[in-house]
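Numbering (my numbering), first residue to last: 128 to 655.
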């Protein structure tokens with residue numbers, strides 16, 4: 128640890144202690160720094176969690192569920208043909224103030240239109256600010272789906288669609304759909320500092336942003352004017368602690384009351400500690416190894432299949448997940464209604480793998496094997512998994528060089544198609560199967576931004592688009608069943624595991640509802 132970093136942590140600890148003495152403070156040991164505070168620009172849970180306390184969406188998920196409920200839209204209407212969705216906005220909703228900006232008006236339709244047109248309209252002055260990449264909006268084909276967004280009056284917004292889409296309402300509850308302040312955006316543009324808009328979040332949420340020290344601490348205070356009621360705690364602090372062992376140590380000493388992403392090896396000890404409680408639930412997630420289908424010889428499905436059979440996932444589940452999960456054969460977990468249990472998983476068969484590689488003309492193969500630098504429930508120790516895969520691949524004559532990067536750089540390079548094979552994963556955003564299948568989707572025949580495998584299949588994409596238009600769950604399942612068969616046959620990714628998700632916290636923490644979507648929400652949390 129550098130002296131600068133050490134001083135930063137010391138300052139953060141001092142701030143936390145002084146705050147705790149004067150107000151009820153909840154400290155959450157998070158695992159990383161957000162890239163910025165604009166959810167529309169991001170794709171990771173770390174960044175979403177960093178901004179979540181500040182923002183609301185038109186539609187919200189009921190705490191602890193994937194059931195949608197009114198948010199900033201108190202109601203909505205869908206036209207008989209399914210191509211028009213009218214949102215009726217909540218009145219009297221206040222934006223939080225921040226240093227250098229005090230709102231002069233309540234939330235209204237202008238904020239909704241700005242938040243979405245920034246993502247969809249190249250002419251919007253903020254469209255290119257922050258890099259101009261809106262992966263969620265684009266990868267879900269929303270530019271094609273949403274033909275226009277109209278302001279009917281201050282509290283009525285109409286989304287006009289090119290076709291019916293049964294996933295849209297759940298999509299509106301996702302983080303990328305957070306509603307930001309158009310007035311604040313205008314103020315920053317006039318001040319000549321538009322980049323500041325993404326670094327100082329101004330929203331209508333349960334907490335108001337106070338300050339951020341990169342790699343150390345994010346501070347929020349409760350929003351006294353929150354339309355949903357003031358949170359029970361006065362202050363919320365994210366103590367950014369990348370190391371899982373350090374998070375556990377802080378939890379034991381009450382330096383934080385909730386800690387993210389525990390090591391599976393620590394769970395038994397945590398569960399025995401009388402001062403702690405450990406929440407758990409089956410994860411709506413998938414951990415996988417993506418093969419770059421555009422790089423030879425990975426462009427051959429037989430090679431991808433052979434490499435999959437060379438890897439002992441059973442040993443990985445036992446050694447890394449410690450039994451807290453199950454081997455995956457499909458992208459979606461078996462708890463989802465669209466799961467195709469008829470798919471037959473690839474066996475661990477090194478001899479068959481060697482035979483298939485030889486038949487595909489692969490006599491020797493040197494490859495890069497990327498592993499994530501962060502922990503996730505779907506991948507609690509990516510380096511260890513990569514080492515085990517490296518050993519397995521060596522047994523079939525494949526030399527794998529292990530590679531990793533800082534998390535932001537890792538994802539940037541992965542999206543750019545640099546990796547030959549990379550560990551990655553997904554936690555569902557909205558509980559709909561579409562939200563898993565879309566990350567193997569393509570737009571205009573080209574892999575979408577989050578398609579790490581760089582794989583495109585016309586039939587898969589045709590089914591993906593058609594399923595979004597069907598209201599019948601049975602008809603949608605037929606398409607999703609077919610897509611799971613296609614994905615299994617083509618093997619653009621090796622599905623590794625669906626994990627159980629654990630969240631440790633102090634015994635005196637109450638009101639926390641564990642989300643199946645992997646989000647961390649604190650507006651109903653109290654400390655007794």
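From the three backbone atoms N, C-alpha and C, an ideal C-beta is built for every residue, glycine too.
| Query | Result |
| --- | --- |
| Given residue 421 as reference, the closest of 191, 226, 543, 271 once Cα atoms are compared | 543 |
| Whether residue 575 touches residue 266 by CB criterion (8 angstroms) | yes |
| Residues bridged to residue 627 (per DSSP) | 409 |
| Buried or exposed (CB count within 10 angstroms, at least 16 for buried), residue 656 | Residue numbering for the chain in the displayed model covers 128 to 655; residue 656 lies beyond these limits and cannot be assessed. |
| Residue 198 versus residue 217: straight-line alpha-carbon distance, rounded | 8 angstroms |
| Same chain only: Cβ atoms within 6 angstroms of residue 638, ignoring 5 sequence neighbours per side | 651, 652, 653 |
| Those residues which DSSP pairs with residue 538 across a bridge | In the DSSP output, where bridge partners are listed per residue, residue 538 has none listed. |
| Reference residue 558, options 531, 592, 460, 385, closest by Cα | 460 |
| Residue interval of the alpha helix (DSSP H) (run including residue 615) | 600-617 |
| Cβ pair residue 628, residue 410 closer than 8 angstroms | yes |
| Beta-carbon proximity list for residue 148, same chain, < 8 angstroms, skipping 5 on both sides | Note that residue 148 scores 47 on pLDDT, short of 50, meaning its location in the model is unreliable; the coordinates nonetheless yield the value given after this. Hits under 8 angstroms: none found. |
| Enclosing alpha helix (DSSP H) for residue 197 [first to last residue] | Run containing residue 197: none in the alpha helix (DSSP H); it sits in the beta strand (DSSP E), 195-197. |
| As assigned by DSSP and simplified to three states, the class of residue 179 | helix |
| Collapsed DSSP secondary structure at residue 589 in the structure displayed | helix |
| Simplified DSSP state of residue 239, which is helix, strand or coil | helix |
| Contained beta strand (DSSP E) runs [length at least 3] in the region 206-238, N- to C-terminal order | 211-216 |
| Where residue 532 falls: helix, strand or coil (DSSP) | coil |
| Sequence-distant residues of its chain with Cβ nearer than 7 angstroms to residue 394 (five each side left out) | 405, 629 |
| Cut-off 8 angstroms between Cβ atoms - residues of its own chain near residue 258, not counting five sequence neighbours on either side | 168 |
| Stretch-stretch touch, CB-based, cutoff 8 angstroms, three pairs: the region 147-161 with the region 383-391 | yes |
| Paired residues, beta bridge with residue 351 - DSSP | Its beta-bridge partners do not exist; DSSP assigns none. |
| Same chain, Cβ closer than 6 angstroms to residue 493, neighbours up to 5 away in sequence not counted | 526 |
| Top-ranked residue by Cα proximity to residue 560, from 607, 583, 597 | 607 |
| Nearest residue (CA-CA) to residue 503, options 625, 481, 593 | 625 |
| Segments of 3+ residues assigned as beta strand (DSSP E) that fall wholly inside the region 294-339 | none |
| Assigned secondary structure, residue 646 (DSSP; H/G/I helix, E/B strand, else coil) | coil |
| Residue 603 versus residue 365 - alpha carbon distance | 41 angstroms |
| Residue 574 in three-state terms, based on DSSP | strand |
| Three-way DSSP call (helix, strand, coil) for residue 639 in this model | coil |
| Supposed close pair residue 362, residue 341 - CB separation, criterion 8 angstroms | Going by Cβ atoms, the distance from residue 362 to residue 341 rounds to 20 angstroms, so no, they are not a contact pair. |
| Helix, strand or coil at residue 496 according to DSSP, with G and I counted as helix | strand |
| Reduced DSSP secondary structure (H/G/I, E/B, other) of residue 184 | coil |
| Inter-residue spacing [alpha-carbon to alpha-carbon] between residue 264 and residue 565 | 11 angstroms |
| Pair within 8 angstroms by beta-carbon distance, residue 553 and residue 567 | no |
| Option nearest residue 454 by Cα separation, candidates 465, 397, 435 | 435 |
| Closest Cα partner of residue 300 within the set 466, 594, 183 | 183 |
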